[in-house]
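One structure is given below, encoded as structure tokens.
Protein chains in written order, with the working numbering: chain C, -8 to 262; chain D, -8 to 262.
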């Protein structure tokens, strides 16, 4: 009634590491394999068909590693390929959009929920559709904040420039009278203190990385595949890009040294 | 990929209505059937074997009503019979202890979590065991608060007597340096404002009713049985006790008029 097979986590690059950080915190007995497709990152401007092809290449690799579950820790890939992945794979697959949506439904008292994310995520309207599938009465306010990812990638999340940019982008959201705000991008949890400061204490922030890890916990419970008695779990990272660069950035994000190997997927070495 | 079959919810009496309230809020398209075993309430002082027999009588009745999931919205019955229920029934079954435990694991930053509940729940140590199954490193502090249920049942949750009693019982907990407190009894959400006032803003309260409804949402998603396009769901209540009394109390708890029928289960008419 327990399984020590690893959980597979994938992203176009580094963003999914916030989900890994939450898995380590909430499920400290689980082994994890991560794939970052840094060579072909970002996915956001690509055709959904192409994103699905990349997604399946990574998922095929993870299935070969005998994972017990796959987490698509990337909003773009979730929006483009989660449904198709459910059809194609027998291993349980979860994305990042449903957990954040469900947490917001639970958290909101007023029924007015904000969502911030990249252009692609906001244009897909995936969070609103997911929330309305469960509760059609919610008011959902979307706002794209494309430059936020750069603040994290360039490690200036706590700078004055970041504070000003976040304040500017969230100004319209402040007038919307929401009580819950979904951080609909895996990079945004690293900006949470500053976003919270701008939105004020009356607005609850939903960290989709935290919620995705929690939903993974629920699903593993239901299928009786939580790991146990594994005090020293194994974390293995793969990148289609430069392993040294991934190790440098990933160690900073996760606040621990990490082991990174190179992986070649499809045509990832030529794109 | 959707099901309008009802969710079955059961409790020894009224306590499970907090879970029903959260199901109505978070899953407003779901039909619900509730059974309160008021005639044989409370379960807390009974032999676990007897509690399991009562539990199975109610669950047999709910299965006859063709429910798609059963929620054991009672800490005592969850502790006594959840595992056996998983073995005996093919319908998905969830209790109230795992969702609250998982939410606390997600919420705590310091790793120090408090649990309050009835004598039976605290003596069973079920929350600590459940949390340690997932994360053995957490510090869990238990505290039984037996008179709290009466404050709710007698509708004096906002009285000066309640405030004093809650302050007295939580005094040891205030010294434990916890950052998260599980309300480990289905009655306690009705005391949440006062408990929050005593514990202060630095302690996050985990409402097990809210978390159980959310976990039900996750499980129904995973098995593709969420209801949709059901704007006027049906709520049917059964009690082994007096239906008029149940309707009076239940309507007050749920802040809406409810329809209640009598049900006879096993020897519930003679006990």
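All C-beta atoms, glycine included, are put in the ideal place defined by N, C-alpha and C.
Please say whether residue 103 of chain D and residue 173 of chain D have beta carbons closer to each other than 7 Å?
no
Closer than 9 Å, Cβ to Cβ, to anything on chain C: give me those residues from the region 54 to 68 of chain D, in chain order.
none
If residue 205 of chain C and residue 93 of chain D are in contact, beta carbons under 8 Å, what's the gap, nearest whole angstrom?
6 Å
Where residue 243 of chain D falls, given that 16 or more other Cβ within 10 Å makes a residue buried:
Looking at its Cβ environment, which holds fewer than 16 other Cβ atoms inside 10 Å, residue 243 of chain D is exposed.
Counting C-beta neighbours from all protein chains within 10 Å, is the total for residue 191 of chain C 16 or more, i.e. buried, or is it exposed?
exposed
Chain C residues whose Cβ lies nearer than 7 Å to that of residue 128 of chain D:
Within chain C, the residues near residue 128 of chain D are 19.
Along the region 209 to 229 of chain C, what residues have a CB closer than 7 Å to any CB found in chain D?
The region 209 to 229 of chain C vs chain D, Cβ under 7 Å: 209, 210, 212, 213, 217, 219.
Got a sec, what are the start and stop residues for the alpha helix (DSSP H) residue 97 of chain D sits in?
88 to 98
7 Å Cβ cutoff, residue 206 of chain D in contact with chain C
It does: the Cβ of residue 206 of chain D has a partner Cβ on chain C nearer than 7 Å.
Ends of the alpha helix (DSSP H) at residue 159 of chain C?
151 to 165
Should residue 175 of chain C and residue 112 of chain C be called a contact, given that it needs their Cβ atoms to be closer than 7 Å?
The answer is yes: Cβ separation under 7 Å.
State the CB to CB distance for the pair residue 210 of chain C and residue 85 of chain C, rounded to an integer number of angstroms; the pair is presumed to be in contact (CB under 8 Å).
6 Å
Residues of its chain near residue 234 of chain D, where Cβ-Cβ distance is below 7 Å and the 5 sequence neighbours each way are ignored
251, 252, 253
Across which residues does DSSP place residue 173 of chain C in a beta bridge pair?
C:106, C:197
9 Å Cβ cut-off: residues of chain D touching residue 97 of chain C:
13, 16, 17, 201, 202, 204, 205, 208
Evaluate residue 166 of chain C with the Cβ neighbour count: other Cβ atoms within 10 Å of its Cβ, from every protein chain shown; 16 or more gives buried, anything less gives exposed.
With a 10 Å radius around the Cβ and a threshold of 16 neighbouring Cβ atoms, residue 166 of chain C comes out exposed.
I'd like the list of long-range same chain contacts for residue 80 of chain C, defined as Cβ closer than 8 Å, with 5 residues on each side in sequence excluded.
50, 54, 61
For residue 135 of chain D, three-class secondary structure by DSSP
strand
Return the residue from the list D:23, D:10, D:5 that minimises the CA-CA distance to residue -4 of chain D.
D:23
If the cut-off is 9 Å on Cβ atoms, which residues from the region 109 to 127 of chain C count as contacting chain D, listed in chain order?
124, 125, 126, 127
Excluding five sequence neighbours on each side, which residues of the same chain lie with their C-beta closer than 6 Å to the C-beta of residue 76 of chain C?
84
With distances taken from CA atoms, which of C:136, C:73, C:144 is nearest residue 117 of chain C?
C:73
Using CA coordinates, which residue listed in D:198, D:161, D:-2, D:31 is at the minimum distance from residue 18 of chain D?
D:-2
So residue -5 of chain C contacts chain D; which residues on that side make the cut at Cβ distance below 8 Å?
Residues of chain D passing the Cβ test: none, with the nearest at roughly 14 Å.
Step through the CB atoms of chain D and report whether any lies within less than 7 Å of the CB of residue 93 of chain C.
yes
In chain C, which residues lie less than 8 Å from residue 9 of chain D when you measure between Cβ atoms?
Result: empty, since nearest Cβ-Cβ is about 14 Å, beyond 8 Å.
For the alpha helix (DSSP H) containing residue 51 of chain C, list its first residue and its last residue.
Annotation: the continuous alpha helix (DSSP H) that includes residue 51 of chain C extends over 39 to 55.
Classification of residue 248 of chain C by the beta-carbon crowding that lies within 10 angstroms, buried from 16 upward
exposed
Output the distance between the C-alpha atoms of residue 145 of chain D and residue 239 of chain D, rounded to the nearest integer angstrom.
13 Å
For residue 181 of chain C, I'd like the list of residues in its chain whose CB is within less than 8 Å of its CB, leaving aside the five on either flank, ordered along the chain.
9, 143, 148, 244
Residues that DSSP places opposite residue 270 of chain D in a beta bridge
Here chain D comprises residues numbered -8 to 262, so residue 270 of chain D is not present and cannot be evaluated.
Taking all protein chains shown into account, decide if residue -7 of chain C is buried (16 or more other Cβ within 10 angstroms of its Cβ) or exposed.
Classification for residue -7 of chain C: exposed.
Let me know if residue 141 of chain D comes out buried or exposed under the rule of 16 or more other beta-carbons within 10 Å of its beta-carbon.
exposed
Taking DSSP as the reference, what is the three-state secondary structure of residue 230 of chain C?
Secondary structure at residue 230 of chain C: strand, using DSSP grouped into helix, strand and coil.
Where does the unbroken alpha helix (DSSP H) through residue 15 of chain D begin, and where does it stop?
8 to 17
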